[in-house]
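Start counting the sequence shown at 140; every next residue gets the next number (this note's numbering).
Notes follow once the structure below has been shown.
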Amino acid sequence: MLLKPEELLEKARKLIGSETEVVRGRYPVEHDPIRRYCHMTDDTNPLFLDTEYAESSRYGSVISPPLLIGYFTGNGPWPPADGSEPSLPAIPSPGDRLINLTTEWEFYEPVKIGDRLSYKRRVADVFIKGIRLDSKAFWVKTEMLVYNQDETLVAMSTNLLVRHRTQEQQTAPA
């Protein structure tokens with residue numbers, strides 16, 4: 140017997156707060172990847188490129204462009220060959236279609252050369268909100284918390300996705 144969306148939501152909401160283990164990024168923060176990234180994106184910010192300027196700034200050293208944090212927390216090529224990337228528990232939902240809607244970042248502390256970043260992911264929220272394709276679509280909000288070697292939270296990424304049912308799934312007998 141198939142569960143109703145509201146019954147699945149009750150099960151899914153029990154997973155709110157679930158977290159992965161902390162994963163250490165494969166690469167330390169280094170100037171050369173920062174320099175290459177800036178040249179590729181035409182970012183001439185001296186805090187990223189000019190060692191003398193950056194050392195005389197309030198940061199005291201070269202800092203990483205905020206979105207390069209994803210590189211320094213990365214495990215290398217995707218998908219991991221050995222399954223070493225921990226994942227969040229599967230969120231039960233009535234639909235098997237997925238739409239990744241948004242990824243938002245908040246940056247709290249500068250990331251400096253020599254930092255070693257790590258991260259963990261967690262389920263932040265699950266709720267039902269209708270969309271044109273499905274009046275009982277499941278919305279899943281997850282967070283990725285990024286820490287430096289001192290366990291200071293330096294950034295957080297929030298991801299919002301929708302899982303919805305196909306027309307056939309919506310009209311299938313319960």
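Yeah, the Cβ is synthetic: ideal placement off N, Cα and C, and Gly gets one too.
Bear in mind that the values here come from a model prediction, so they are computed numbers and not experimental data.
Checklist line | Cβ shell of Leu186 (< 8 Å), same chain only, five flanking positions each side left out | finding: Once the five neighbours on either side are set aside, the close Cβ partners of Leu186 are Tyr192, Ala193, Ser196, Tyr198, Val201 and Ile202.
Checklist line | Whether Val279 touches Ile230 by CB criterion (8 Å) | finding: Yes, these two residues count as a Cβ contact at 8 Å.
Next item on the list: Determine the closest residue to Leu237 out of Asp254, Leu300, Pro172 and Phe211, with distance taken between C-alpha atoms.
Entry: Comparing Cα positions, the closest option is Leu300.
Notebook entry, point to check: How about Asp235 and Pro204: are their beta carbons less than 8 Å apart?
Noted result: For the 8 Å CB-CB criterion, Asp235 and Pro204 do not form a contact.
Item checked: C-beta atoms of Leu227 and Thr159 nearer than 8 Å -> Yes, the pair counts as a contact, with Cβ atoms nearer than the cut-off.
Check: If we ignore side chains and look at the alpha-carbon of each, how far apart do Arg261 and Lys153 end up?
Finding: About 13 Å.
Margin query: Taking the alpha carbon of Thr291 as the reference point, which residue from Lys251, Gly269, Thr310 and Pro312 has its own alpha carbon closest?
Written below: Looking at Lys251, Gly269, Thr310 and Pro312, the one whose alpha-carbon comes closest to that of Thr291 is Lys251.
Item checked: For Arg271, the three-state DSSP class (helix, strand or coil) -> DSSP, read as helix, strand or coil, puts Arg271 in coil.
Next item on the list: Out of Glu282, Phe246, Val293 and Gln309, point me to the one whose CA is closest to Gly269's CA.
Entry: It is Gln309 whose Cα lies nearest to the Cα of Gly269.
Margin query: Quick check on Val161: buried or exposed, where buried means 16 or more other Cβ atoms within 10 Å of its Cβ?
Written below: Residue environment: Val161 is assigned as exposed (fewer than 16 neighbouring CB atoms within 10 Å of its CB, all protein chains considered).
Next item on the list: Using only alpha-carbon positions, find the residue among Thr212, Ala276 and Ser232 that is nearest to Arg165.
Entry: Checked all of Thr212, Ala276 and Ser232; the closest Cα to Arg165 is Thr212.
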